[in-house]
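Numbering (my numbering), first residue to last: 9 to 427.
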Amino acid sequence: MRKSRIAAIAALGTAAALALSACGGSGFSSSSAGASGTASASANTTPLTILIGSSGTAETNAVTSAVSAWSQKSGIQATVIASSNLEQDAAKGFAAGKPADILYTSPADLATWAKAGNMYAYGDTLPNKSDFYAPLVKAFTYNNQFYCAPKDFSTLALEINTTMWQKAGLTNADIPTTWAQLDAVGQKIKAKGMVPLTFGPQIERVGAFMAQAGGSLVSADGKTATVNSAANIAGLTEVQKLLKDGTAAYSNTLHNAGWGGEAFGKQYAVMTIEGNWITGAMQTDYQNVKYKVVQLPAGAQKGTLEYTNCWGITAKSGNVGGAESLVQYLTSTNQQLAFAKAFGVMPSVQSAKAQWIKDNPAMAAFVDGASYAQNLPSMPGAAAVITDFDQKLPSLATTSPKSILDAEQKNLQAAINNG
9 MRKSRIAAIA ALGTAAALAL SACGGSGFSS SSAGASGTAS ASANTTPLTI LIGSSGTAET
69 NAVTSAVSAW SQKSGIQATV IASSNLEQDA AKGFAAGKPA DILYTSPADL ATWAKAGNMY
129 AYGDTLPNKS DFYAPLVKAF TYNNQFYCAP KDFSTLALEI NTTMWQKAGL TNADIPTTWA
189 QLDAVGQKIK AKGMVPLTFG PQIERVGAFM AQAGGSLVSA DGKTATVNSA ANIAGLTEVQ
249 KLLKDGTAAY SNTLHNAGWG GEAFGKQYAV MTIEGNWITG AMQTDYQNVK YKVVQLPAGA
309 QKGTLEYTNC WGITAKSGNV GGAESLVQYL TSTNQQLAFA KAFGVMPSVQ SAKAQWIKDN
369 PAMAAFVDGA SYAQNLPSMP GAAAVITDFD QKLPSLATTS PKSILDAEQK NLQAAINNG
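Here it is, written out as structure tokens:
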């Protein structure tokens, strides 16, 4: 279950990210390190292994089926291995000098593995490079090289319990599109004795408000931490206001709910902020709850966070050309739409957007956020900064937003300097 910051980053039906694959080269803003993919390699007949961190049987079966279909067409044997601890298994493979040829890779893992010389950079040679959403390309760009094809992605949106919404005397006309409107409907819901909004006490949720305020955690060139900017202070101040006013509550304070989706599903709150992975939980555990999904309210601008993984190709693969061919097949528009139907992910290519919305009209808000979504920092060392951030945010209601941000400004700049 994607119940916390650990799972939030997974967001894509990938248990590989369940150990906090914080989603380089971006921030919520040659067979060596940077093995170059300036020209596509030639395929050979060497068998391929594909290491995935699967969300369950549906995902494992879908990936295995797709790989098998490609294998039959290409004549290259390919085996899918579903790992219960992908980062650990990947580390073992790298240490032994025999890693999988392809593996699910988060932005944070990419930065770490690329710095160590373990990854092959092939993204710039992809024939469909321009089809990927720009923020996703940025997420997998490290040292100015686009390393790997994004496999799918998720964004945060606002989920609204329509039954509770109506009980509060609200209609579709009241759905908030700005912070001011969010504050106003929050007061109306609170007056009816219900909790208006809930989300997890982590930067992976709270950070969306910073993005909406016009902030980012890293400068556009990735060289400077911008954690304690005026915009980020404004974003945290808005969250603090919601918490103090009682128009929002951290999910863990509502009957010890494990994550926002649980608090929402059990109807402890009228609204929550979660990614499209919540749909699986609602279908499985809370089938009787009626809800709708809309884009997050804007502050100074629209803002949301995204989470993703890519098809990473390892530098020591014995068949880089074959691996590239397989990735191109797996990231084609039709295959991504097939994956979306099989296990609920959102395609990483823009050419699939219209069909995905047609297939999932109620979920359109998630993909609509793709054009302005931001990534969390993912350079080596950033995960420790995110962890420290998450330890501070539970006390936000009674702590100066600036003091929290000042501390993480120093920590993140150090990670950038060492990355």
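Cβ coordinates follow ideal geometry from the N, Cα and C atoms, glycine included.
Item to check | Exposure of K252, with buried meaning 16 or more beta-carbon neighbours within 10 Å | outcome: The residue you call residue 252 lines up with position 244 of the sequence shown. Flag for K252 reads exposed.
Checklist entry - Taking the Cβ atom as the reference point for each residue, do L313 and L166 lie within a distance shorter than 8 Å? => result In the sequence shown, the residue the question calls residue 313 occupies position 305. In the sequence shown, the residue the question calls residue 166 occupies position 158. Taking 8 Å as the Cβ cut-off, L313 and L166 do not qualify as a contacting pair.
Next on the checklist: Does the structure place the segment 191-198 close enough to the segment 373-388 that three or more beta carbon pairs sit under 8 Å?
Outcome noted: no
Next on the checklist: Given this structure, state the Cα-to-Cα distance separating M218 from P184, to the nearest angstrom.
Outcome noted: As a position in the sequence shown, residue 218 is number 210, starting the count at 1. As a position in the sequence shown, residue 184 is number 176, starting the count at 1. So the two alpha carbons sit approximately 17 Å from each other.
Checklist entry - Under a Cβ-count criterion, where at least 16 other Cβ atoms within 10 Å of its own Cβ denotes burial, should P369 be classed as buried or exposed? => result Numbered from 1 along the sequence shown, position 361 holds the residue referred to as residue 369. P369 should be labelled exposed.
Item to check | G326 - DSSP class collapsed to helix/strand/coil | outcome: Looking up residue 326 in the sequence shown gives position 318. DSSP places G326 in coil when its eight states are reduced to three.
Checklist entry - For T312, which of helix, strand or coil comes out of DSSP? => result Residue numbering aside, residue 312 sits at position 304 when the sequence shown is read from its first letter. If DSSP states are grouped into helix, strand and coil, T312 belongs with the strands.
Item to check | Sub-8 Å separation of C156 and I365 beta-carbons | outcome: In the sequence shown, the residue the question calls residue 156 occupies position 148. In the sequence shown, the residue the question calls residue 365 occupies position 357. Cβ distance not < 8 Å, so C156 and I365 don't count as in contact.
Checklist entry - Applying the criterion that 16 or more other CB atoms from any shown protein chain within 10 Å of the CB defines a buried residue, is G311 buried or exposed? => result The sequence position of residue 311 within the sequence shown is 303, counting from 1. Buried.
Checklist entry - Is the CB-CB distance between K146 and W319 below 8 Å? => result Residue 146 sits at position 138 when you count from the first residue of the sequence shown. Residue 319 sits at position 311 when you count from the first residue of the sequence shown. No, they are not a contact pair.
Next on the checklist: Report the CB separation of T171 from A271 in whole angstroms; it is logged as a contact under 8 Å.
Outcome noted: Position 163 of the sequence shown, counting from 1, holds the residue named residue 171. Position 263 of the sequence shown, counting from 1, holds the residue named residue 271. Rounded, the Cβ-Cβ distance is 16 Å, inconsistent with contact.
Checklist entry - In three-state terms, what does DSSP make of T120? => result Against the sequence shown, residue 120 aligns to sequence position 112. Helix.
Checklist entry - For K324, which option in F102, S82, L144 and F161 has the closest C-alpha, if you only look at C-alpha atoms? => result For the purposes of this step, residue 324 is identified with residue 316 of the sequence shown, where counting begins at 1. Nearest neighbour of K324 by Cα position, chosen from F102, S82, L144 and F161, turns out to be F102.
Next on the checklist: Once DSSP output is grouped into helix, strand and coil, what is the label at N425?
Outcome noted: Residue numbering aside, residue 425 sits at position 417 when the sequence shown is read from its first letter. In the structure shown, N425 sits in a helix (DSSP, three-state: H, G or I).
Next on the checklist: Suppose contacts are defined by Cβ-Cβ distances below 8 Å. Is A350 in contact with A86 by that definition?
Outcome noted: Numbered from its first residue, the sequence shown carries residue 350 at position 342. Numbered from its first residue, the sequence shown carries residue 86 at position 78. No. Outside cutoff.
Item to check | Sufficient close CB pairs (3 or more, under 8 Å) joining the segment 256-267 to the segment 414-424 | outcome: no
Item to check | For K400, the first and last residue of its enclosing alpha helix (DSSP H) | outcome: As a first step, residue 400 must be located in the sequence shown, where it is residue number 392. A390 to K400 is the span of the alpha helix (DSSP H), which, as asked, contains K400.
Next on the checklist: For the segment 105-117 against the segment 384-392, do three or more pairs of beta-carbon atoms, one drawn from each stretch, fall closer than 8 Å, so that the two count as touching?
Outcome noted: yes
Next on the checklist: Check whether the segment 400-413 and the segment 227-244 touch, using three or more Cβ-Cβ pairs below 8 Å as the test.
Outcome noted: yes
Item to check | Beta-carbon gap between I168 and M279 smaller than 8 Å | outcome: What you label residue 168 is simply residue 160 of the sequence shown in a count that begins at 1. What you label residue 279 is simply residue 271 of the sequence shown in a count that begins at 1. A contact, by the Cβ cut-off of 8 Å.
Checklist entry - Does the Cβ of S63 have 16 or more other Cβ atoms within 10 Å, making it buried, or fewer, making it exposed? => result Sequence index remark: in the sequence shown, residue 63 carries index 55 (1-based). By the neighbour-count rule (16 or more Cβ atoms within 10 Å), S63 is buried.
Next on the checklist: Here's the rule: buried if 16 or more other CB atoms are within 10 angstroms of the residue's CB, otherwise exposed. What is I84?
Outcome noted: Position 76 of the sequence shown, counted from the start, is the residue given in the question as residue 84. That one is buried.
Next on the checklist: When you compare the segment 74-84 with the segment 326-333, are there three or more beta-carbon pairs, one atom per stretch, that lie closer than 8 Å?
Outcome noted: yes
Next on the checklist: For Q153 and M202, I'd like the C-alpha separation in whole angstroms.
Outcome noted: Here residue 153 corresponds to residue number 145 of the sequence shown, with the count starting at 1. Here residue 202 corresponds to residue number 194 of the sequence shown, with the count starting at 1. Approximately 49 Å between the Cα atoms of the pair.
Checklist entry - Would you report the Cα separation of T138 and A405, rounded to the nearest angstrom? => result Counting from one through the sequence shown, the residue named residue 138 turns up at place 130. Counting from one through the sequence shown, the residue named residue 405 turns up at place 397. According to the sequence as given, residue 138 is Ser; it is not Thr. Using only the alpha carbons, I get a separation of about 43 Å.
Checklist entry - Which term fits T149, buried or exposed, when burial requires 16 or more other beta carbons within 10 angstroms of its beta carbon? => result Along the sequence shown, one-based indexing puts residue 149 at 141. Looking at its Cβ environment, which holds 16 or more other Cβ atoms inside 10 Å, T149 is buried.
Checklist entry - Can you tell me whether DSSP reads F102 as helix, strand or coil? => result By 1-based counting over the sequence shown, the position of residue 102 is 94. Residue state, collapsed to three classes: helix.
Next on the checklist: Which residue marks the beginning of the alpha helix (DSSP H) containing I183, and which one marks its end?
Outcome noted: Locating residue 183 in the sequence shown gives position 175, counting from the first residue. Where I183 is concerned, there is no enclosing alpha helix (DSSP H), given that its DSSP letter is neither H nor E.
Item to check | Integer Cβ distance of Q343 from Y337, believed to fall under 8 Å | outcome: The residue given as residue 343 occupies position 335 in the sequence shown. The residue given as residue 337 occupies position 329 in the sequence shown. That belief holds up - the Cβ atoms of Q343 and Y337 are roughly 6 Å apart, short of 8 Å.
Next on the checklist: Between the alpha carbons of A98 and G352, how many angstroms are there, rounded?
Outcome noted: Mapped onto the sequence shown, residue 98 falls at position 90. Mapped onto the sequence shown, residue 352 falls at position 344. The straight-line gap from Cα to Cα measures roughly 25 Å.
Checklist entry - With respect to the alpha helix (DSSP H) encompassing I7, which residues constitute its N-terminal and C-terminal limits? => result The displayed coordinates of the chain run from 9 to 427. Any statement about residue 7 would go beyond what the structure contains.
Checklist entry - When you compare only the Cα positions, how much space is there between S237 and F140? => result Translated into the one-based positions of the sequence shown, residue 237 becomes position 229. Translated into the one-based positions of the sequence shown, residue 140 becomes position 132. Rounded to whole angstroms, the separation of the alpha carbons of F140 and S237 is 30 Å.
Item to check | Sheet register partners of G283 (DSSP bridge) | outcome: One-based indexing of the sequence shown puts residue 283 at position 275. Paired residue(s): L164.
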